[in-house]
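Trainee: If you read the sequences in order, they're chains P and H.
Note that numbering that gives the first Met the number 0 has the first sequence beginning at 0, numbered continuously upward.
Note that numbering that gives the first Met the number 0 has the second sequence beginning at 0, numbered continuously upward.
All residues carry an ideal CB built from backbone N, CA and C; glycine is no exception.
Quick caveat, the model's predicted, so the values are computed rather than measured.
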Amino acid sequence: MALPPIPAPVSADLRRRRGADLKGQLFQALLWLSLGIAVAMVGAVLWSVSADGWSLISERLWSFLRNPSSATPDNAGVVQGIRGSFILAGIVAATFPLGIGAAVYLEELADDGRLTRLIRVTVRNLAGVPSIVYGLLGLAVFVKSLGGLTGGSSIISAGLTLGVLVFPVVVITASEAIRAVPQSIRDASYGLGATQWETICHQVIPAALPGILTGIVLSISRALGEAAPLLVIGAAPFYSTGFNDFFEQLQGAFTALPMNVASFARLPADTWAGHAAAASLVLLVVIFAINLVAMVIRSRITKKLGR
Amino acid sequence: MHGGVLGHNIATLDGSPASSPTITIRQLLRFGALYAVPFLALDANVVLALLIASLVGVYLKFAPDCRAPWDHLAGTRVISGFPSNAKLELADVHTAADLRLDTKRLGDERRARRLLLGVGLFSVLASGLIVWVIFREAAEFVLADEFSWSVLTGIGWFPRRGIFDLSTLFIGTLWITGIAMTVAGPVGLGVAIYLSEYASPRVRRYLKPLVETLASIPSVVIGLFAISFISPKVLQPIFGDLGIFSLLAAGLGVGVLTVPIVASISEDAMRAVPQELREASYGLGSRKVTTALRVVFPAALSGISAAFIVGISRAIGETMVVFIAAGGSGGAIFETDPTQPGQAITAAMASLGAGTDSVAGSGIAFQSLYFLGALLFVITLVMNVVSDRIVGRFRQVY
Chain P
0 MALPPIPAPV SADLRRRRGA DLKGQLFQAL LWLSLGIAVA MVGAVLWSVS ADGWSLISER
60 LWSFLRNPSS ATPDNAGVVQ GIRGSFILAG IVAATFPLGI GAAVYLEELA DDGRLTRLIR
120 VTVRNLAGVP SIVYGLLGLA VFVKSLGGLT GGSSIISAGL TLGVLVFPVV VITASEAIRA
180 VPQSIRDASY GLGATQWETI CHQVIPAALP GILTGIVLSI SRALGEAAPL LVIGAAPFYS
240 TGFNDFFEQL QGAFTALPMN VASFARLPAD TWAGHAAAAS LVLLVVIFAI NLVAMVIRSR
300 ITKKLGR
Chain H
0 MHGGVLGHNI ATLDGSPASS PTITIRQLLR FGALYAVPFL ALDANVVLAL LIASLVGVYL
60 KFAPDCRAPW DHLAGTRVIS GFPSNAKLEL ADVHTAADLR LDTKRLGDER RARRLLLGVG
120 LFSVLASGLI VWVIFREAAE FVLADEFSWS VLTGIGWFPR RGIFDLSTLF IGTLWITGIA
180 MTVAGPVGLG VAIYLSEYAS PRVRRYLKPL VETLASIPSV VIGLFAISFI SPKVLQPIFG
240 DLGIFSLLAA GLGVGVLTVP IVASISEDAM RAVPQELREA SYGLGSRKVT TALRVVFPAA
300 LSGISAAFIV GISRAIGETM VVFIAAGGSG GAIFETDPTQ PGQAITAAMA SLGAGTDSVA
360 GSGIAFQSLY FLGALLFVIT LVMNVVSDRI VGRFRQVY
């Protein structure tokens with residue numbers, strides 16, 4: 000049976016008349032506008048912070064990085080914040096095995112029972128809890144209840160609180176990385192007589208490691224930017240005690256870079272605005288550097304896997 | 000030991016063998032009820048340590064046997080209590096499964112399994128602790144002598160003077176969330192549609208990280224941006240007599256933070272729409288705009304609404320921007336005008352937390368921190384559960 004002749008305007012013809020597509024062009028202009036606004040936001044934030052902080056940075060970058068905070072604007076610096084943020088990153092990093100272990104359990108070992116579902120649901124809900132609520136948890140548990148061990152409002156309490164805060168993030172990213180490991184690798188390992196644990200240790204985790212590392216690095220950068228929980232736990236704007244040794248420092252007063260930014264920002268703007276912006280710049284440089292590490296790791300994996 | 004006794008109870012009460020592979024919700028509830036009593040009676044410090052120890056202990060006891068996929072197929076079963084003095088004759092080893100009867104390796108296997116299960120339960124423990132701690136302290140606020148329901152209304156939020164007018168904070172949070180979503184909703188959605196439907200892979204590769212940069216900027220920096228840029232350079236030219244600190248500036252700042260959240264979740268939802276739908280639409284002669292708005296958008300609608308809910312819940316929970324830019328440190332008068340300074344739930348908590356030492360002595364002011372925390376927790380939890388439900392439904396479609 001012969002097909003009927005194709006009517007004149009086929010779909011391609013219809014779509015070729017660009018000039019007539021006024022609605023489409025309007026819509027695309029709107030999309031461009033919203034994209035432009037988003038990019039302008041990034042630009043404005045970076046520009047405003049750099050412009051405000053530049054005079055101070057160009058004038059005395061070194062003393063700004065080396066001095067503790069002070070009541071006189073000409074001497075104030077962020078060294079206590081930098082030190083605090085580094086120690087916090089270390090403590091948060093020490094809590095990562097917990098998150099990775101939970102991810103391994105959920106992806107490799109757990110059956111589809113109620114307990115597993117309970118764990119999954121709580122992880123997802125924990126990820127949505129506002130950071131300041133974690134501050135309350137830290138205040139009640141690490142500062143008050145376990146105050147004998149942590150020294151009260153100390154950097155250990157703050158670090159452990161941030162560790163709980165990034166736990167769901169670590170679990171979710173590590174789970175995704177583990178799920179991406181091909182099943183054939185596991186099957187091959189089982190076929191050679193390896194137990195499940197040996198398979199996880201020697202095959203699955205190494206294969207998922209780059210993805211896990213990316214998640215870890217991004218969680219560290221998130222933890223370093225958090226100020227709200229530290230505020231509740233009792234981070235000081237600055238402190239004046241000298242510490243004799245490292246362990247004393249872990250249990251004493253503390254601050255961190257975002258706390259420096261927040262406390263500078265709440266001082267009178269005419270003399271302190273430059274300090275807040277300069278401290279923000281230091282914080283942004285640290286965080287972007289960490290994110291860059293994550294990006295390098297990610298691009299290495301994709302290259303290695305030939306994707 | 001607590002853990003041992005309790006574990007034994009659970010096993011015998013249910014009549015299930017000690018090697019029951021999972022713990023049911025019922026058992027978990029019974030466990031919680033048993034522990035609520037000493038929690039109330041004893042110092043939380045001691046009970047906390049006991050709770051952690053026995054939680055791990057109980058679940059170690061019930062950790063399931065180690066089984067590999069082929070065990071189910073072949074019907075072989077790894078014996079959990081394989082005696083350590085058993086001799087393995089070489090002739091017994093026939094298959095890979097037999098090799099695994101090596102006691103040392105089996106022991107490792109069991110220990111690892113238990114350890115990881117314990118670690119997985121950490122999330123349950125953390126959630127339980129958050130709920131327990133916050134609601135216990137919030138109850139202390141409500142049950143305190145100074146408390147009466149009348150302190151929750153008044154001229155404003157002045158915790159140090161015993162005036163806890165919640166409507167002041169709710170108005171502030173509502174304005175900030177509303178303003179933030181007015182910015183982040185359309186912008187985030189536009190970015191998502193562009194990246195998912197219009198951008199070439201090449202353009203997308205450069206634009207997406209740029210938008211994600213916004214997500215990695217800490218909220219303190221955005222707070223500073225709100226008072227050093229948004230207020231003086233954007234709002235004051237428009238409104239004239241606007242102060243540096245206002246709910247409007249804080250809301251716009253939170254909007255900047257919410258854009259990448261709305262954009263990335265909506266984009267994921269739209270990219271999850273099967274390519275066939277788009278091709279079918281093009282095949283019928285639809286223009287790109289028709290395909291995007293009439294085919295892809297409705298198909299991704301549940302994911303997009305989840306993105307909006309998550310965005311709203313983040314905006315409600317955002318603290319530092321409001322703390323720095325809304326200007327409500329210490330207290331705030333009830334104010335419905337967004338061009339005036341105000342206070343939101345989170346920022347009020349931050350102010351209380353920042354002034355912990357000076358507040359600690361003054362009655363119930365400090366406890367109000369937990370009362371607000373409980374409110375915030377419930378609000379965001381409800382929103383997360385709703386968005387979870389929506390996403391769950393959306394996944395079932397394809």
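Could you work out which residues of chain H lie near Q27/P, taking near to mean beta carbons separated by less than 9 Å?
Mentor: In the first sequence, residue 27/P corresponds to position 28, counting from 1. Near Q27/P (Cβ distances below 9 Å), the residues of chain H are Y193, Y197, K287, V288.
Trainee: Suppose you measure from the CA of P158/H to the CA of P228/P; what does that come to, to the nearest Å?
Mentor: Taking the first residue of the second sequence as 1, we reach residue 158/H at position 159. Taking the first residue of the first sequence as 1, we reach residue 228/P at position 229. If I take the Cα positions, the gap works out to 20 Å.
Trainee: Strictly under 8 Å for the Cβ-Cβ distance: is T379/H near chain P by that measure?
Mentor: Here residue 379/H refers to the residue found at position 380 when the second sequence is read from its first residue. Yes, because at least one Cβ of chain P sits closer than 8 Å to the Cβ of T379/H.
Trainee: Mind pulling the chain H residues with CB within less than 7 Å of V38/P?
Mentor: Working through the first sequence from its first residue, we reach residue 38/P at position 39. What V38/P touches in chain H: L209.
Trainee: Beta-carbon separation of A197/H and L208/P under 8 Å?
Mentor: Within the second sequence, numbered from 1, the residue matching residue 197/H stands at position 198. Within the first sequence, numbered from 1, the residue matching residue 208/P stands at position 209. The amino acid occupying residue 197/H in the given sequence is Tyr; Ala does not appear at that position. Not in contact: Y197/H and L208/P (Cβ atoms no closer than 8 Å).
Trainee: Once you ignore the five residues that flank A222/P on each side, which residues in its own chain have a CB closer than 6 Å to its CB?
Mentor: Indexing the first sequence from 1 puts residue 222/P at position 223. V91, L161, V165.
Trainee: In the stretch 314–338 of chain H, which residues sit with their C-beta less than 8 Å from some C-beta in chain P, listed in chain order?
Mentor: Those would be I315, G316, E317, T318, M319, F322, I323, S328, in chain order.
Trainee: Just mark R201/H as buried or exposed, buried being the case when its beta carbon has 16 or more other beta carbons within 10 Å.
Mentor: Position 202 of the second sequence holds residue 201/H. By the 10 Å Cβ count, R201/H comes out exposed.
Trainee: The beta strand (DSSP E) spanning F157/H covers which residue range?
Mentor: On the second sequence, residue 157/H is found 158 positions in, with the first residue counted as 1. Counting along the chain, the beta strand (DSSP E) containing F157/H begins and ends at 155–157.
Trainee: Using the C-alpha atoms, what's the distance from S153/P back to G233/P?
Mentor: The residue you call residue 233/P lines up with position 234 of the first sequence. The residue you call residue 153/P lines up with position 154 of the first sequence. Roughly 8 Å between the two C-alpha positions.
Trainee: So the candidates are F370/H, G239/H, Q235/H; which of them puts its Cα closest to the Cα of W131/H?
Mentor: Locating residue 131/H in the second sequence gives position 132, where the first residue counts as 1. Out of F370/H, G239/H, Q235/H, F370/H has the C-alpha closest to the C-alpha of W131/H.
Trainee: Might you give, ordered along the chain, the residues of its own chain that have their beta carbon closer than 7 Å to the beta carbon of G260/P, omitting 5 neighbours on each side?
Mentor: Here residue 260/P refers to the residue found at position 261 when the first sequence is read from its first residue. According to the sequence provided, residue 260/P is Val. The question's Gly does not apply to it. Only A275, A278, S279, L282 meet the Cβ criterion.
Trainee: Should P257/P be labelled buried (16 or more other beta-carbon atoms within 10 Å of its own) or exposed?
Mentor: The residue given as residue 257/P occupies position 258 in the first sequence. By the neighbour-count rule (16 or more Cβ atoms within 10 Å), P257/P is buried.
Trainee: From the beta carbon of V20/P, is the nearest beta carbon of chain H less than 8 Å away?
Mentor: Counting from one through the first sequence, the residue named residue 20/P turns up at place 21. With the sequence shown as reference, residue 20/P is identified as Asp, and Val is not the correct amino acid for it. So yes, D20/P belongs to the interface.
Trainee: Using a threshold of 8 Å, state whether the C-beta atoms of A305/H and V381/H are closer than that.
Mentor: The residue labelled residue 305/H in the question sits at position 306 within the second sequence. The residue labelled residue 381/H in the question sits at position 382 within the second sequence. No.
Trainee: Where G171/H and I344/H are concerned, what is the direct C-alpha to C-alpha distance, given to the nearest angstrom?
Mentor: Here residue 171/H is taken as the residue at index 172 of the second sequence, counted from 1. Here residue 344/H is taken as the residue at index 345 of the second sequence, counted from 1. Those two C-alpha atoms are separated by around 8 Å.
Trainee: If you run the structure through DSSP and keep just helix, strand and coil, what is G80/H?
Mentor: On the second sequence, residue 80/H is found 81 positions in, with the first residue counted as 1. Here the model assigns G80/H a pLDDT of 45, short of 50, so the residue's position is not dependable and the matter cannot be decided.
Trainee: Hey, does G391/H have any beta-carbon neighbour from chain P nearer than 8 Å?
Mentor: Against the second sequence, residue 391/H aligns to sequence position 392. By this cut-off, G391/H is not an interface position.
Trainee: Could you confirm whether any beta carbon from chain H is found closer than 8 Å to the beta carbon of R123/P?
Mentor: As a working note, residue 123/P is residue 124 in the first sequence. Answer yes: the Cβ-Cβ gap between R123/P and chain H drops below 8 Å somewhere.
Trainee: Counting only beta-carbon separations shorter than 8 Å, does I131/P have a partner in chain H?
Mentor: The residue given as residue 131/P occupies position 132 in the first sequence. Yes, I131/P lies at the interface with chain H (some Cβ there is under 8 Å from its Cβ).
Trainee: Of the residues that make up the stretch 367–378 of chain H, which ones have a beta carbon closer than 8 Å to any beta carbon in chain P?
Mentor: Cβ contacts with chain P come from L368, Y369, G372, L375, F376.
Trainee: Quick one: does L230/P have its CB under 8 Å from some CB of chain H?
Mentor: The residue labelled residue 230/P in the question sits at position 231 within the first sequence. Chain H, which has a Cβ nearer than 8 Å to the Cβ of L230/P, makes this yes.
Trainee: Grab me the residues of A346/H's own chain with a C-beta within less than 7 Å of its C-beta, minus the 5 sequence neighbours each way, in chain order.
Mentor: Along the second sequence, read from residue 1 onward, the residue named residue 346/H stands at position 347. Closer than 7 Å at the Cβ level, and outside the excluded window around A346/H, lie T318, V321, F322, A325, G327.
Trainee: Can you name, in chain order, every residue of its own chain whose Cβ lies under 8 Å from the Cβ of R293/H, other than the five neighbours on each side?
Mentor: Position 294 of the second sequence holds residue 293/H. If we look at R293/H and ignore the five residues flanking it on each side, its Cβ neighbours are S280, S285.
Trainee: Counting only runs that start and end within the stretch 290–354 of chain H, where is the alpha helix (DSSP H) found for 4 or more residues in a row?
Mentor: Listed in chain order, they are 300–316, 319–324, 344–353.
Trainee: Just verifying my parser: in three-state terms, what is the DSSP assignment at I162/H?
Mentor: Stepping through the second sequence from its first residue, residue 162/H is reached at position 163. Note: I162/H maps to strand in three-state DSSP.
Trainee: Alpha carbons only, please: which of T198/P, V284/P, G214/P is nearest the one belonging to I216/H?
Mentor: Translated into positions along the second sequence, residue 216/H becomes position 217. Nearest of T198/P, V284/P, G214/P to I216/H, Cα basis: V284/P.
Trainee: Apply the 10 Å Cβ neighbour rule to Y133/P and answer buried if 16 or more other Cβ atoms are within range, or exposed otherwise.
Mentor: Locating residue 133/P in the first sequence gives position 134, counting from the first residue. Y133/P comes out buried.
Trainee: Near A62/H, what residues of its chain come up, given a Cβ to Cβ distance below 8 Å and the 5 sequence neighbours on each side ignored?
Mentor: In the second sequence, the residue the question calls residue 62/H occupies position 63. In this prediction, A62/H has a pLDDT of 45, which is less than 50 and means its spatial position is unreliable; what the coordinates show is noted afterwards. R109, R112, R113, L116, listed in sequence order.
Trainee: Looking at C-beta atoms only, is the number of pairs between the stretch 177–197 of chain H and the stretch 245–265 of chain H that lie closer than 8 Å three or more?
Mentor: The stretch 177–197 of chain H is in contact with the stretch 245–265 of chain H.
Trainee: Taking G134/P as the query, report the chain H residues whose CB atoms sit under 7 Å from its CB, ordered along the chain.
Mentor: As a working mapping, residue 134/P is identified with position 135 in the first sequence. Residues of chain H passing the Cβ test: G352.
Trainee: When the Cβ atoms of the stretch 168–175 of chain P are set against those of the stretch 94–106 of chain P, are three or more pairs found closer than 8 Å?
Mentor: With the cut-off at 8 Å, the stretch 168–175 of chain P and the stretch 94–106 of chain P touch.
Trainee: Considering only the beta carbon of each residue, do I296/P and I219/P sit closer than 8 Å?
Mentor: Position 297 of the first sequence holds residue 296/P. Position 220 of the first sequence holds residue 219/P. Contact: no.
Trainee: Are any of the Cβ atoms in chain H nearer than 8 Å to that of P205/P?
Mentor: For this step, residue 205/P is matched to residue 206 along the first sequence. No - not a single Cβ of chain H is within 8 Å of the one on P205/P.
Trainee: Should R265/P go down as buried or exposed, given a rule of 16 or more other Cβ atoms within 10 Å for buried?
Mentor: Reading the first sequence from its first residue, position 266 is the one you call residue 265/P. R265/P comes out buried.
Trainee: Check whether the stretch 139–153 of chain P touches the stretch 192–211 of chain P, taking contact to mean three or more Cβ pairs, one atom from each stretch, closer than 8 Å.
Mentor: Not touching, per the Cβ criterion.
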